[in-house]
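Student: Take this structure first; my questions come after.
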Amino acid sequence: MGRVLIIGAGGVGTVVAHKMASLPEVFEDIMLASRTKSKCDAIARNIGNDRIKTAQVDADNVPELVELINGFKPDLVVNVALPYQDLTIMDACLECKVSYLDTANYEPKDEAKFEYKWQWAYQERFKEAGLTAILGCGFDPGVTSIFTAHAAKHVFDEIHYLDIVDCNGGDHGKAFATNFNPEINIREVTQKGKFWENGDWVLTEPHEIHKPLNYPNIGEKESYLIYHEELESLVKNYPTIKRARFWMTFGQEYLTHLRVIQNIGMASIEPINYEGKEIVPIQFLKAVLPAPETLGDNYIGETSIGCRIRGVKDGEEKTYYIYNNCKHQDAFKETGTQAVSYTTGVPATIGAMMFLQDKWKKPGVFNVEEFNPDPFMEQLNKLGLPWNEIHDADIEL
Ligand code: NDP
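Written out as C-alpha cells, the structure is:
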C-alpha cells in the first residue's frame, strides 16, 4: 500500500521498524535511516527477511535529507529521531512534497522549551502543498490525545477536567537510567511544572506538586505534576476544559539521582570548555548512561498511562477513566525493547497506517486529536496496546 521512511534508530525506531515490517499489506517498502547506519543495519538484521532498507543521514542537514527522500520516494516520513530534528525534517518534506509524522514537538537545542508554535507555523505551507503533517503520535503525546478525542466524541457533551496520568511501575534493575533519550527526558522532567486552569497557565516549581495516585494493576504511586506538551493542543482543541494537568510517577531513587545530577551541573545544556573541546554536560551524561534500547532485558513490571476525565453528558456530571497497561517483558519479547519505547512506537506505526489508508489525510499541520479517533482506537486493540475504560468511579480527580 505504501512506502515509509523512518528516521531515527533508537528505542522507538526499533519498535516502529518491527511493527511496520510485520504489516506488509500496509507498509510495502520500508527504509530506516539514522545518524549511525550500523544501528539501522542491526535492527534490519534482527527483523530479517530483507524487509528493511537502511541508510545513513544527518537529519540536521536539509540537503542530505532531501537527497535521501528524493532517492527513496516515500509516501510518508516518520520522524523518531529527536525533537531537535523536527523542523529540518519538515523542511525537507515540503521540498520533496512528502507528508510527515512525529512523536514529540520541536524544541531548540539551546533552550528546553516545549511549544507547538514552531511546528504550527508550518500550517499554511503544508496546506498549500496538499501535504499532511501529523504531530505527536506516540503515547503521550499521542494516545492520550486520542483517548481525549474518543471521550469527547463518545462519552461526554463537554469535558471540564482532564488529568493525564503516566505511571511506570517497572523496574529495570539499574541505579539510574531513563526510558527514552536521556537528554530529552532530563530536560523534560527538570523544567518548571505547568497546568491549565480557568483559561490560563499556572506555573509551579519542578516537582512542587505531588500526591499518591492509584494505578490499575500497579497500586499507589507518588505522582508529580509536570508540564507535558499535549496539554497545549488539548486545551486549544477542547475549549470547554477548565483544568488540564499531567502527572508522572517517579521513584525516590530516580529523584535523588536527578537532584544530584542537577546540583553538580550535569543536567546543564550550556556548553563548557573541557580540555580544549566544547562539550554540553547533559550530552556527555547521555553518553555514559544506559541507552534506552538496552533496558529491555531484565525489565519487569508494567506501565499504565491514561486519561481521567470529569465532564457532563445529557446534563449529568460523569467521570471516565481510559487507560492502557503495557508489560515491559511482553514488549521485550515482541520487539527487544522495553514498554516505553513500545508504547511510543506502536502508535507511531498506527498513525502511519491511518495516513496510508487515507483515514488521516488532510492538507495542513494537525495534532492527533484533530483526526477521527475511531479507526486508530480499533488498531490499538489489534496491535498490542488494548485500552480499558472505567465509568463513573472515584478517579481521584
Ligand atoms: P533514542 O535516543 O534512543 O534514539 C534517537 C535516534 O535518533 C538515535 O538513533 C539517534 O542516532 C538518532 N538521531 C539523533 N540525532 C540525529 C540526527 N541529527 N540525524 C539522524 N539521526 C539522529 O531516542 P528514543 O528512541 O527513546 O526517542 C525517539 C523520539 O521519540 C524522541 O523524539 C522522543 O522525544 C520521542 N518519544 C516520544 C514519546 C511519546 O510518547 N510521544 C515517548 C518517548 C519518546 P544515534 O544512534 O547516532 O545517536
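All residue numbers for the sequence shown refer to my numbering, where the first residue is 240 and numbers rise by one. Even glycine gets a Cβ: it sits at the ideal position worked out from N, Cα and C.
1. May I ask you to report which of helix, strand or coil DSSP gives residue 437?
2. Pick out whichever of 615, 608, 587 has its Cα sitting closest to the Cα of residue 245.
3. Roughly how many whole angstroms lie between the Cα atoms of residue 398 and residue 340?
4. DSSP state of residue 296, grouped into three classes?
5. Mind checking whether residue 293 and residue 312 have CB atoms under 7 Å apart?
6. Taking the Cβ atom as the reference point for each residue, do residue 476 and residue 363 lie within a distance shorter than 7 Å?
7. Beta-carbon within less than 7 Å of residue 578's beta-carbon, same chain only, minus the 5 sequence neighbours each way: which residues are those?
8. Starting from residue 582, trace the alpha helix (DSSP H) in both directions and tell me its first and last residue.
9. Quick check on DSSP: helix, strand or coil for residue 542?
10. Identify every residue that forms a DSSP beta bridge with residue 648.
11. Can you give the beta carbon distance from residue 240 to residue 636, rounded, assuming they're within the 8 Å contact cut?
12. When you compare only the Cα positions, how much space is there between residue 602 and residue 290?
13. Whole angstroms are fine: how far does the CA of residue 615 sit from the CA of residue 621?
14. Should residue 298 be listed as close to the ligand NDP, given that the test is whether its C-beta is under 6 Å from any heavy atom?
15. Which whole-angstrom value describes the C-beta separation of residue 562 and residue 394, a residue pair presumed to lie in contact below a C-beta threshold of 8 Å?
16. Does DSSP put residue 385 in a helix, in a strand, or in coil?
17. Could you tell me whether the Cβ atoms of residue 546 and residue 387 are closer together than 7 Å?
18. Let me confirm a value: residue 367 is counted as buried when at least 16 other C-beta atoms fall within 10 Å, else exposed. Which label applies?
19. Answer with yes or no whether the minimum CB distance from residue 361 to chain D is below 7 Å.
20. Beta-carbon within less than 6 Å of residue 385's beta-carbon, same chain only, minus the 5 sequence neighbours each way: which residues are those?
21. Does DSSP classify residue 254 as helix, strand or coil?
22. Only counting the same chain, and skipping five residues up and downstream in sequence, which positions put a Cβ closer than 8 Å to that of residue 509?
23. If we ignore side chains and look at the alpha-carbon of each, how far apart do residue 522 and residue 422 end up?
24. Determine, using beta carbons only, whether residue 402 and residue 551 come nearer to each other than 7 Å.
25. What residue range does the beta strand (DSSP E) around residue 461 cover?
26. The ligand NDP and residue 386: does the residue's C-beta get closer than 6 Å to at least one heavy atom of that ligand?
27. Tell me, which residues are paired with residue 517 by DSSP?
28. Can you confirm whether the segment 449-468 touches the segment 480-496 when touching is taken to mean that 3 or more C-beta pairs between the two stretches lie within less than 8 Å?
29. So, do the segment 495-509 and the segment 622-636 have three or more beta carbon pairs nearer to each other than 8 Å?
30. Along the chain, where does the alpha helix (DSSP H) that runs through residue 323 open and close?
31. Which residues in the same chain as residue 459 place their Cβ atom closer than 8 Å to its Cβ, once the five residues preceding and following it in sequence are excluded?
32. Leaving aside the five residues before and after residue 624 along the sequence, list all residues of the same chain whose C-beta is less than 6 Å from its C-beta, in chain order.
Tutor: On the basis of the coordinates in this document:
1. Position 198 of the sequence shown holds residue 437. In the structure shown, residue 437 falls within a coil segment according to DSSP collapsed to helix, strand and coil.
2. Position 6 of the sequence shown, counted from the first residue, corresponds to residue 245. Ranked by Cα distance from residue 245, the first of 615, 608, 587 is 587.
3. Here residue 398 refers to the residue found at position 159 when the sequence shown is read from its first residue. Here residue 340 refers to the residue found at position 101 when the sequence shown is read from its first residue. Cα to Cα, the separation comes out at about 27 Å.
4. Taking the sequence shown and counting its residues from 1, one reaches residue 296 at position 57. Residue 296 falls in the coil class under three-state DSSP.
5. For the purposes of this step, residue 293 is taken as the residue at position 54 of the sequence shown. For the purposes of this step, residue 312 is taken as the residue at position 73 of the sequence shown. Going by C-beta atoms, residue 293 is not nearer than 7 Å to residue 312.
6. Position 237 of the sequence shown, counted from the first residue, corresponds to residue 476. Position 124 of the sequence shown, counted from the first residue, corresponds to residue 363. No, these two residues do not count as a Cβ contact at 7 Å.
7. Indexing the sequence shown from 1 puts residue 578 at position 339. Closer than 7 Å at Cβ, skipping near neighbours: 409, 541, 542, 565, 566, 567, 570.
8. Taking the first residue of the sequence shown as position 1, residue 582 is located at position 343. Here the alpha helix (DSSP H) through residue 582 covers 578-595.
9. The residue labelled residue 542 in the question sits at position 303 within the sequence shown. DSSP places residue 542 in strand when its eight states are reduced to three.
10. Shown here, the chain extends from 240 to 636; a query on residue 648 therefore has no answer.
11. Residue mapping note: residue 240 aligns to position 1 of the sequence shown, counting from 1. Residue mapping note: residue 636 aligns to position 397 of the sequence shown, counting from 1. Here residue 240 is actually not in contact with residue 636; their C-beta atoms are around 41 Å apart, not less than 8 Å.
12. Here residue 602 refers to the residue found at position 363 of the sequence shown. Here residue 290 refers to the residue found at position 51 of the sequence shown. Rounded to whole angstroms, residue 602 and residue 290 show a C-alpha spacing of 30 Å.
13. Residue numbering aside, residue 621 sits at position 382 when the sequence shown is read from its first letter. Residue numbering aside, residue 615 sits at position 376 when the sequence shown is read from its first letter. About 10 Å.
14. Against the sequence shown, residue 298 aligns to sequence position 59. The ligand NDP has a heavy atom closer than 6 Å to the beta-carbon of residue 298.
15. Walking along the sequence shown from the start, residue 562 turns up at place 323. Walking along the sequence shown from the start, residue 394 turns up at place 155. Residue 562 to residue 394, Cβ: 14 Å. No contact.
16. Translated into the one-based positions of the sequence shown, residue 385 becomes position 146. Here residue 385 sits in helix by DSSP.
17. In the sequence shown, residue 546 corresponds to position 307, counting from 1. In the sequence shown, residue 387 corresponds to position 148, counting from 1. Their beta carbons are under 7 Å apart, which means residue 546 touches residue 387 by this criterion.
18. Counted from its first residue, the sequence shown places residue 367 at position 128. Exposed: under 16 other Cβ atoms inside 10 Å.
19. Reference to chain D is not applicable here, since this structure consists of a single protein chain.
20. Taking the first residue of the sequence shown as 1, we reach residue 385 at position 146. Contacts found: 607, 612, 615.
21. As a working mapping, residue 254 is identified with position 15 in the sequence shown. DSSP places residue 254 in the helix class (H, G or I) of the three-state scheme.
22. Stepping through the sequence shown from its first residue, residue 509 is reached at position 270. So the list reads 519, 520, once near-sequence residues are dropped.
23. One-based indexing of the sequence shown puts residue 522 at position 283. One-based indexing of the sequence shown puts residue 422 at position 183. Distance between the alpha carbons of residue 522 and residue 422: 6 Å.
24. On the sequence shown, residue 402 is found 163 positions in, with the first residue counted as 1. On the sequence shown, residue 551 is found 312 positions in, with the first residue counted as 1. Against a cut-off of 7 Å, the Cβ pair of residue 551 and residue 402 comes out as no contact.
25. In the sequence shown, residue 461 corresponds to position 222, counting from 1. Note, residue 461: beta strand (DSSP E), 458-464.
26. Here residue 386 refers to the residue found at position 147 when the sequence shown is read from its first residue. No; taking the cut-off as 6 Å, the Cβ of residue 386 has no heavy atom of the ligand NDP nearer than that.
27. In the sequence shown, residue 517 corresponds to position 278, counting from 1. Under DSSP, the beta-bridge partners assigned to residue 517 are 512.
28. The segment 480-496, when compared against the segment 449-468, does touch it at the 8 Å Cβ threshold.
29. When Cβ pairs closer than 8 Å are counted between the two stretches, the segment 495-509 is seen not to touch the segment 622-636, the count staying below three.
30. Translated into the one-based positions of the sequence shown, residue 323 becomes position 84. For residue 323, there is no enclosing alpha helix (DSSP H), since its DSSP letter is neither H nor E.
31. On the sequence shown, residue 459 is found 220 positions in, with the first residue counted as 1. Around residue 459: 451, 452, 453.
32. Numbered from its first residue, the sequence shown carries residue 624 at position 385. The answer, listed in chain order, is 563, 585.
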